[in-house]
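A short write-up of the structure that comes next.
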Amino acid sequence: MAARAQKAGNGSDPPGASYDPSSPTKLMEGQSFGAKFLSPWSWLPPPHWQKITTIDTHTGGEPLRIIVEGLPDLGPNTSTVLAKRRYFMDNYDHIRTGLLLEPRGHADMYGAVITLSSDPAADFDVFFLNTDGYSPILARAVNLTRTLNINTPAGRIQSWADVVEGEIRETFFRNVPSFIYRPSEQVQVPGLGMVDFDIAFGGAFYAIVDAESLKVDLAVKNYTEIVDLGRKIKAAVVNTFPVEHPSGPELSTLFGVIFTGPPNDRANHSRNVNVFEEGMVDRSSTGTGVSARAALLYARGQLSMNETIRIESIIGSTMTVKVAELCSVGPHRAIVPEVGGQAWIVSQSTSFFDPTDPLIGGFMIR
Ligand SMILES: O=C(O)[C@H]1NCC[C@@H]1O
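Residues in the sequence shown are numbered from 1 upward in steps of one, following the UniProt record's numbering.
This is the structure:
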């Protein structure tokens, strides 16, 4: 494959032909063979291959691949983030699958498209990609030096950082209004019997289930069982309890099932494991999920205004949440949650898409 790409890139030059041993790029003893033949000095992809540059980050272990260069035009109507997302869905879904699925990604990969906003009140627009489709919002910490107003498919959020001596300690965002949608419901789940749950919205709709009622410990060793339970419960709830957000159909789907359980670290309030879409598992405690939990806890008198709680993820990473304001969303009494977390930048890379690659759009093994 490397030889084929080489031929396409440099005409008839043999691999590494443009490498000049006397140049400053000369390899030192111990440098890898790959460094010589795949270095940008010796090989360039052919001009007709699509090239997309991304920056990878993670928030509490949950990956986020952000497209920073190479995205084609987002169409004639860029007036709203939803219009841009619609155009992307209709025209570039192969970019989502190509960047997030194997071989460039994996079944639980996540992505984001950040664009300038035509809304003067917003610093930028962002929409989110996952391996099964598109998420209404992704509660992610961004590294910031000032408060940013960000338009997401779920609405406007604000994000800022706590900076101490030039170092970002924690980042926060003020989420969209979050509310209980259907408290204390039950559903018959094939193979499980009756399952108790609540539905709450925190930027996305979730069915929230106490894991102890299913006798499952929310540990990584039970990953497969947790995914299986999440998929079964989600299917049963979707079939029985349709959700409708007052803002319209784009937000009116059940995104996932959040299992709650006791924390491993007693300093934390609880544990959240979010099984979303068709079986993706959030490595973090889920920003939209802790928001939905805060709405539920506040309505039940188990969380006070401005009281901060810390919620663990399946891998033990944490996010904080507090109720910062009260408001309403259509007929629902709502809270405005403030979520805190930590994010790290881990790499930058350019993906190449050879049009003759039969797996150019990616594949998934789950
Ligand atoms: O933190 C969040 O809200 C997101 N993480 C993956 C699933 C959710 O979209």
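Beta carbons: idealized from backbone N, C-alpha and C, even for Gly.
Bear in mind the structure is a predicted one, so any value in this text is a computation, not a measurement.
If you draw a straight line from the Cα of N239 to the Cα of L192, it comes to about 16 angstroms. Under the criterion of beta carbons closer than 8 angstroms, D132 and E312 do not qualify as touching, at roughly 25 angstroms. Counted as a single uninterrupted DSSP element, the alpha helix (DSSP H) harbouring E225 occupies residues Y223 to T240.
Under the criterion of beta carbons closer than 8 angstroms, S178 and G202 qualify as touching, at roughly 4 angstroms.
The beta carbon of T97 sits closer than 7 angstroms to those of G361 and G362, all from its chain and outside the five residues before and after it, given in chain order. Proximity of the beta carbon of L254 to ligand 1 is not indicated: no heavy atom of the ligand is located closer than 6 angstroms. As a beta-bridge residue in DSSP terms, S178 pairs with I335. Counting along the chain, F363 sits inside no beta strand (DSSP E), nor does DSSP assign it H or E at all.
Under the criterion of beta carbons closer than 8 angstroms, L218 and G155 do not qualify as touching, at roughly 29 angstroms. Here S291 carries a helix assignment [DSSP, helix/strand/coil]. In this structure, T286 has its beta carbon less than 6 angstroms from a heavy atom of ligand 1.
By the neighbour-count criterion, in which a residue is buried when 16 or more other Cβ atoms sit within 10 angstroms of its Cβ, K51 is exposed. The Cβ atoms of I168 and I157 do not sit closer than 7 angstroms to each other.
Burial of S117 is indicated by the presence of at least 16 other C-beta atoms within 10 angstroms of its C-beta.
Taken through DSSP and simplified to helix, strand or coil, A200 comes out as strand.
The criterion of a C-beta distance shorter than 7 angstroms is not satisfied by V81 and D123.
Taking the Cα of I226 as reference, the smallest distance to any Cα among M280, W160 and D162 is reached at M280.
Here S328 has A334 as same chain residues with Cβ atoms under 7 angstroms from its own Cβ, once five neighbours each way along the sequence are excluded. At least one heavy atom of ligand 1 sits closer than 6 angstroms to the Cβ of L138. If you compare the alpha carbons of I199, N222, F88 and L251 with that of P153, the shortest gap goes to L251. Annotated three-state conformation of N91 is helix, per DSSP. Burial check for A112: the Cβ neighbour count within 10 Å reaches 16 or more, so the residue is buried.
Rounded to whole angstroms, S351 and H332 show a C-alpha spacing of 44 angstroms. Given a length threshold of 3 residues, each whole run of the beta strand (DSSP E) inside the stretch 253-319 is given here in chain order: 254-261, 270-276 and 309-312. Proximity to I208 across L359, A107, R283 and N274 peaks at N274, based on C-alpha coordinates. Under DSSP, the beta-bridge partners assigned to R65 are D56 and G111. Comparing alpha-carbon positions, the option among D162, D93, S159 and A161 lying closest to N130 turns out to be D93. Not one heavy atom of ligand 1 sits closer than 6 angstroms to the Cβ of S42. Less than 7 angstroms divides the Cβ of G60 from the Cβ of S284. The beta carbons of V257 and V187 sit no closer together than 7 angstroms. Taking non-hydrogen atoms of ligand 1 into account, the C-beta of F276 is found less than 6 angstroms away from one of them. Bounds of the beta strand (DSSP E) holding V346 are A343 to F353. Your pair Y181 and I199 checks out as a contact, with CB atoms roughly 4 angstroms apart and the cut at 8 angstroms. Distance from the CA atom of L74 to the CA atom of I114, rounded to whole angstroms, is 11 angstroms. Taking a C-beta distance under 7 angstroms as the contact criterion, G316 and E170 do not qualify as a contact pair. Rounded to whole angstroms, A235 and V243 show a C-alpha spacing of 13 angstroms.
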